[in-house]
Amino acid sequence: MKLVVGYLATAGGADAVALGVRLARTLGAELELRMVLSPDDVTTPRVTADKFHDALAGQGVAWLDDAMRLVPEDVTAGAAVVIGESVAETLGEQALTLGAEALVVGGSGGGLAGSLALGSFVDDLLHSAPVPVAVAPRGTRHSEVQRIQRVTCAVGDRPGAARLLETAVSASRATGAPLRLVSLVALDEHGANGLDAAREHAHATLESVKSALPDNAAVTAVVADGDTVEAAVEGLGWEPGDLLMLGSSRLAPPRRLFIGSTAARILRVLQVPIVVTPGEDDSPAT
Amino acid sequence: MGLGLGYMTPMTVFDTFGIVSEETNGVVPLAYIVALVAMVFTALSYGRMTRVFPSAGSAFTYASEVIHPNVGFLVGWSSLLDYLLLPMVNAVIGRIYFESFFPDAPSWIFVLVYVAIVTALNCWSIKGTSNINGVLVVFQTVLIGAFVVLTYLSLSRGLGQGTALTLEPLYHAGVDMGAVIAGATVVCFSFIGFDAITMYSEEAKTPSTVPKAIVLALLIGGAIFLLGAWFAQSAFPTLDGFEVTDDTLPELALKVGGEFFKILFVSAALAAMFASSLSSHASVSRMIYVMARNQTGRIPRFLSYIHPRFLTPLHAVLIVGAVSLLAFRFTLEFVSAMINFGALIAFTVVNLTVLLYFAVHLKKRNTPVEILTNIVLPVIGMSLTAVLWLNLHFDALLYGAIWFVIGLVLLVYVTRGLRKPLTMRIEEETLSEEGTPIEHVEHRKRGGHE
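Residue numbers (our numbering), protein chains in the order written: chain A, 902 to 1187; chain B, 7 to 456.
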C-alpha cells in the first residue's frame, strides 16, 4: 500500500509529512513524497542566459532530502521531483501511476488567513483528485500522536454514500480503530421546527447505514446537532488521533473528488485530519 | 519564425519616433533602413554561429568558445547591463503613457505602483506569460495597420506632406548622415529581440531553418517598423505641436485617430509593455539567481534564495524590482541607449566570432565565396554595428564604460589577476518542454523493510 505526500518546503509540507507518517504507521503503508515543479521556461528578448529550471529542480531535490529526514526510521519512504503545469493534476496522476491509496497534503501553508485559508492546490485537489485526499491540519508536525485511534465518518442526510462507507469501514478494519458514524443536524439549515424531523431522519439514515454494515464491525452511531454545521461538528468531542472521513458532493463526477459546501465548511474549522473520498463509481440510478 | 517576431514589440517604433525624428531632422524611415542593414549582417552572423554551436544561443558563448572565456565574461557582463535595464525600460514607457493621460499627477506614483505589481506577480509566479507575447504581437500589428489607414486618410485631407508617396521621409534638404546614424542607434532598440530565436536552434528540424528564420523575422519586423515610421513621418515631418517628444506614441495616435483611437492604441501598447515587463523581470531575476548560485559569499547566498511555496527566486526578483524603480527619473532616450550599449557590443562580437572562427581558426579563406562569407560579410556587419555603437549618446558610452570597468575589475578579481581560469559563468538557457520529466528526478528509498 502506498500513500503519496504532496510536499512543499513549508510548514504545511511538514504537516503533510507528519500526517503521512501517522497514516503509514497505522496502515502499514509506504510513503512517496512528491514535489511538483511547474515548467519554468521564461524567455524574453535577449535574455538567453538562464538555467533556472535545472537550478530549481536541484533546490527541489535538496528540499526533499530535508523532508526525508522528517520521516522516522520505521516508515519506508521514497521521494521525487516531478514536473507538471498543474500541481493538483500532477499529484493525482502520480497517485494513479503508483497505485496509491490516497494523497496526503498540508491544509494550510501558514498563510495570513491562518487555518481559514486552504492552499490553492489543496483546494484544486479537493475538486478533482481521483483518490481520497487526506488533509493535515496546521500543527500536525508538532503532534505526538503515532497512529490513528478512531475513525469518524460523516454521513449525509441522504443514503447511498456506498464508497465513503466502504472506505471508512476498510480504514477502520485496517487500522483496528473503532468506527464512529455521525450525522450532522444544523439548526440554521432546518430551523427550530424542522429540527426534530431532521434529527429523526438522521437517526433513521444512520440505522439503515449501520444495518448494511457487516455485523462484526465495531461501529457506533451519533447524531450531532448544533446551531450550525460547524458547531455541530465541533460539539462532537475530538481527541488526538482522530480521523474524520467525508464524502464528495453529489455533484462529483464518477470516481472523482469534489468537495461539497458542508464538507468544505467542516474542513475549515476542524483541527482534525480529514480524509475526503471521491464520488461513487457510477452516478446514482435515481 | 514567429518566435523571433514574438520577441519584438512592434509598437516601440512609435515610442521612439519623437527621439529619432528630432535627432535625424525628420528622416526616421532612413534611420530604420540603416539599422536594418546593420542588423541583417549581424543576423547572418548569428545564423552561421547557431550552426556551429547549436546548443547555445548567445554572444557570450560564441565569444567564450571562439575567443577566450574572459572575453566571453566581459560580453556577458555588458549584456547583463541591458538585461537589468529591460524591465525598467517598460516602466519608463508606462510612465510616459501615464503622463500623457494625467499630465498633472505625480508620475512617480505610477512607477511605484506599476513596479510593485510586476514585482509582486513575479514573486508569486509568472507561468505562461511567454505564450501571451505572440498574441500581443498580432494585436499590435493589426493596430499598426489601423494607424497606417488612419494616417493615410489624414494625409489625403492635407495633414503633413499631404501624401505618403513622397521621398521626403527618406531624404530631404538638411539631412546629415551622421545624425541619421545616431538616430539608427536609437531604433536598433526596436530590433533587439530578433536574436532570441537562436535559443530555439537546438530544436529546429533542419540546421538551416534557424539562420533563415532569423533573417526572415528581422525583415518582416523591419517592414512593419518601416511602414509605421514612413506614415508617421509623412504625417508629421517635424515635431511641431508635440508636447512630449521623449515618447510620442500617445500623441501620434491622438493626432491621427482622436481620443478613442489613442486609448485603444495606448491600451495595446500597455498590454505589450506589461507582458514584456513580466517576462523580462522574470528572466533577469532567474539569471541573477543562477549566477549567484554558482558563487560563494554573502551576497550570492542572499540572492540565491528560492521561496519554498511560490518557487520563485524571491530576493533576485526584489532586486530587479528595486532597479526598475529608477524609471521615475530616467528618460526613454537614455535607458534605450544604455540597453543598446550592451546589445551592440554583443552584436559586434558575434560578427567578430564569425570572422575568427571561419577565416582564422578553420582557415576557410581560399575561394571567392569563402572570402565573401567568412571575411567580407562579417567585417561589414562588425563595422556597421561598431559604428552604431560609437554613435551612441555620450552619456550612454560614459556610463556603459563605467559598467564595463566594474566588470573588468570583477574579472581580474575572480581570476586572481587573470592567472586562474574563470569559474564564474553567465549561464545558458535550457529550454524544457512542458510535461517532460527533468533529469534530476531522483528516487531514493530508505527505512526498514528493504
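Every residue, glycine too, gets a C-beta built ideally from N, C-alpha and C.
(message) I'd like to know if the segment 295-311 of chain B and the segment 90-98 of chain B are in contact, where contact means that at least 3 CB-CB pairs between them fall below 8 Å.
(response) With fewer than three CB-CB distances shorter than 8 Å, the segment 295-311 of chain B does not count as touching the segment 90-98 of chain B.
(request) Indicate the three-state DSSP secondary structure (helix, strand or coil) for residue 1051(A) in the structure shown. (result) Along the first sequence, read from residue 1 onward, the residue named residue 1051(A) stands at position 150. Residue 1051(A) falls in the strand class under three-state DSSP.
(message) Is it buried or exposed, residue 935(A), if we count other Cβ atoms within 10 angstroms and call 16 or more buried?
(response) By one-based count along the first sequence, residue 935(A) stands at place 34. Residue 935(A) comes out buried.
(request) Kindly say whether residue 7(B), judged by its beta-carbon, lies nearer than 9 Å to any beta-carbon of chain A. (result) Here residue 7(B) refers to the residue found at position 1 of the second sequence. Unreliable placement is indicated for residue 7(B), whose pLDDT of 45 sits below 50; no coordinate value is reported for it.
(message) Short of 6 Å in beta carbon distance, which residues of its chain neighbour residue 322(B), apart from the five on each side in sequence? Order them along the chain.
(response) Indexing the second sequence from 1 puts residue 322(B) at position 316. So the qualifying residues of the chain are 291, 294, 295 and 309.
(request) Let me know the secondary structure DSSP gives residue 401(B) once reduced to three states. (result) Mapped onto the second sequence, residue 401(B) falls at position 395. Helix, per DSSP.
(request) Can you tell me which of the three DSSP states residue 984(A) falls into? (result) What you label residue 984(A) is simply residue 83 of the first sequence in a count that begins at 1. Strand.
(message) Taking the alpha carbon of residue 52(B) as the reference point, which residue from 187(B), 214(B) and 33(B) has its own alpha carbon closest?
(response) Here residue 52(B) refers to the residue found at position 46 of the second sequence. Nearest C-alpha to residue 52(B): 214(B).
(request) Consider the C-beta atom of residue 385(B) and the heavy atoms of the ligand PLP; say whether any pair is separated by less than 8 Å. (result) Within the structure as shown, the ligand PLP is missing, as the structure has no ligands at all.
(message) Check whether the segment 341-361 of chain B and the segment 110-128 of chain B touch, using three or more Cβ-Cβ pairs below 8 Å as the test.
(response) Here the segment 341-361 of chain B makes no contact with the segment 110-128 of chain B; the two share fewer than three CB pairs at distances below 8 Å.
(request) Pick out whichever of 421(B), 409(B), 161(B) and 381(B) has its Cα sitting closest to the Cα of residue 347(B). (result) Mapped onto the second sequence, residue 347(B) falls at position 341. Residue 347(B) has its Cα closest to that of 409(B), out of 421(B), 409(B), 161(B) and 381(B).
(request) Reducing DSSP to helix, strand and coil, say where residue 931(A) ends up. (result) One-based indexing of the first sequence puts residue 931(A) at position 30. In the three-state reduction of the DSSP assignment, residue 931(A) falls in the strand class, which pools E and B.
(request) Could you round the C-beta distance between residue 1156(A) and residue 1031(A) to whole angstroms and report it? I think they count as a contact, below 8 Å. (result) Indexing the first sequence from 1 puts residue 1156(A) at position 255. Indexing the first sequence from 1 puts residue 1031(A) at position 130. That belief holds up - the Cβ atoms of residue 1156(A) and residue 1031(A) are roughly 6 Å apart, short of 8 Å.
(request) Quick one: using the 10 Å Cβ neighbour count with 16 as the cut-off for buried, is residue 373(B) buried or exposed? (result) Locating residue 373(B) in the second sequence gives position 367, where the first residue counts as 1. Counting Cβ neighbours within 10 Å, residue 373(B) comes out exposed, since fewer than 16 surround it.
(request) Give the residues of chain A in contact with residue 299(B), contact being defined as C-beta atoms less than 7 Å apart. (result) Position 293 of the second sequence holds residue 299(B). Using a Cβ-Cβ cut-off of 7 Å, residue 299(B) is close to 956 of chain A, given in chain order.
(message) Can you tell me whether residue 993(A) is helix, strand or coil according to DSSP?
(response) Here residue 993(A) is taken as the residue at index 92 of the first sequence, counted from 1. Correct three-state label for residue 993(A): helix.
(request) Check the C-beta distance from residue 115(B) over to residue 230(B) and give it rounded, since I have them as a contact under 8 Å. (result) Stepping through the second sequence from its first residue, residue 115(B) is reached at position 109. Stepping through the second sequence from its first residue, residue 230(B) is reached at position 224. Contact doesn't hold; Cβ gap of about 34 Å is too wide.
(request) Could you work out which residues of chain B lie near residue 910(A), taking near to mean beta carbons separated by less than 7 Å? (result) Mapped onto the first sequence, residue 910(A) falls at position 9. What residue 910(A) touches in chain B: 314.
(message) Check whether the segment 37-56 of chain B and the segment 219-237 of chain B are in contact - that is, three or more C-beta pairs closer than 8 Å.
(response) Short answer: they touch.
(message) Short of 7 Å in beta carbon distance, which residues of its chain neighbour residue 1013(A), apart from the five on each side in sequence? Order them along the chain.
(response) The sequence position of residue 1013(A) within the first sequence is 112, counting from 1. Only weak support exists for where residue 1013(A) lies, its pLDDT of 42 falling under 50; the value from the coordinates is given anyway. Cβ-Cβ distances below 7 Å link residue 1013(A) to nothing in the same chain once the five nearest sequence neighbours on each side are left out.
(request) Give the secondary structure of residue 1099(A) by DSSP, where H, G and I count as helix, E and B as strand, and everything else as coil. (result) Translated into positions along the first sequence, residue 1099(A) becomes position 198. In the structure shown, residue 1099(A) sits in a helix (DSSP, three-state: H, G or I).
(message) Quick check: is the beta carbon of residue 938(A) nearer than 9 Å to any beta carbon in chain B?
(response) As a first step, residue 938(A) must be located in the first sequence, where it is residue number 37. Answer yes: the Cβ-Cβ gap between residue 938(A) and chain B drops below 9 Å somewhere.
(message) Within 9 Å of any Cβ in chain A, is that where the Cβ of residue 319(B) sits?
(response) Stepping through the second sequence from its first residue, residue 319(B) is reached at position 313. Closer than 9 Å: yes.
(request) Please compile the residues from chain B whose C-beta is within a distance smaller than 7 Å of the C-beta of residue 960(A). (result) Taking the first sequence and counting its residues from 1, one reaches residue 960(A) at position 59. Residues of chain B passing the Cβ test: 312.
(request) Output the residue ranges of the alpha helix (DSSP H) runs that lie fully inside the segment 76-132 of chain B and measure 4 residues or longer, sorted by chain position. (result) Runs of the alpha helix (DSSP H) inside the segment 76-132 of chain B: 113-130.
(request) Have a look at 906(A), 1144(A) and 1038(A) and flag the residue whose alpha-carbon is nearest the alpha-carbon of residue 982(A). (result) Translated into the one-based positions of the first sequence, residue 982(A) becomes position 81. Here the closest residue by C-alpha is 906(A).
(request) Using a Cβ-Cβ cut-off of 9 Å, state whether residue 914(A) counts as contacting chain E. (result) Judged by its chain identifiers, the structure shown contains no chain E, and its protein chains are A and B.
(message) I'd like to know whether the C-beta of residue 1139(A) is nearer than 9 Å to at least one C-beta of chain B.
(response) Your numbering for residue 1139(A) matches position 238 in the first sequence. Chain B contact via Cβ: absent.
(message) Assess contact between the segment 1127-1140 of chain A and the segment 960-971 of chain A, defined as three or more Cβ pairs (one per stretch) separated by less than 8 Å. Is contact present?
(response) Two segments are said to touch when three or more pairs of C-beta atoms, one from each, lie closer than 8 Å; by this definition the segment 1127-1140 of chain A does not touch the segment 960-971 of chain A.
(request) Take every Cβ of the segment 1141-1148 of chain A, pair it with every Cβ of the segment 1045-1052 of chain A, and state whether three or more of those distances are shorter than 8 Å. (result) Flag = yes, the segment 1141-1148 of chain A and the segment 1045-1052 of chain A touch.
(message) Please state whether the Cβ-Cβ distance between residue 1170(A) and residue 1147(A) is less than 9 Å.
(response) One-based indexing of the first sequence puts residue 1170(A) at position 269. One-based indexing of the first sequence puts residue 1147(A) at position 246. No.
(request) Measure from the alpha carbon of residue 1(B) to the alpha carbon of each residue in 252(B), 166(B) and 284(B), then state which is nearest. (result) Absent from the model: residue 1(B). The displayed extent of chain B is 7 to 456, so no value can be given.
(message) One question on the structure: do residue 81(B) and residue 97(B) come within less than 9 Å of each other, judged by their Cβ atoms?
(response) In the second sequence, residue 81(B) corresponds to position 75, counting from 1. In the second sequence, residue 97(B) corresponds to position 91, counting from 1. No, the Cβ-Cβ distance between residue 81(B) and residue 97(B) is not below 9 Å.
(message) Strictly under 9 Å for the Cβ-Cβ distance: is residue 293(B) near chain A by that measure?
(response) Residue 293(B) sits at position 287 when you count from the first residue of the second sequence. Interface residue, yes.
(message) For residue 1055(A) and residue 908(A), what's the separation of their Cα atoms in angstroms?
(response) Residue numbering aside, residue 1055(A) sits at position 154 when the first sequence is read from its first letter. Residue numbering aside, residue 908(A) sits at position 7 when the first sequence is read from its first letter. Looking at the two C-alpha atoms, the distance is approximately 27 Å.
(request) Taking the CB atoms as reference points, tell me whether residue 1005(A) and residue 1073(A) lie closer together than 9 Å. (result) As a working note, residue 1005(A) is residue 104 in the first sequence. As a working note, residue 1073(A) is residue 172 in the first sequence. Between residue 1005(A) and residue 1073(A), the CB-CB gap reaches or exceeds 9 Å.
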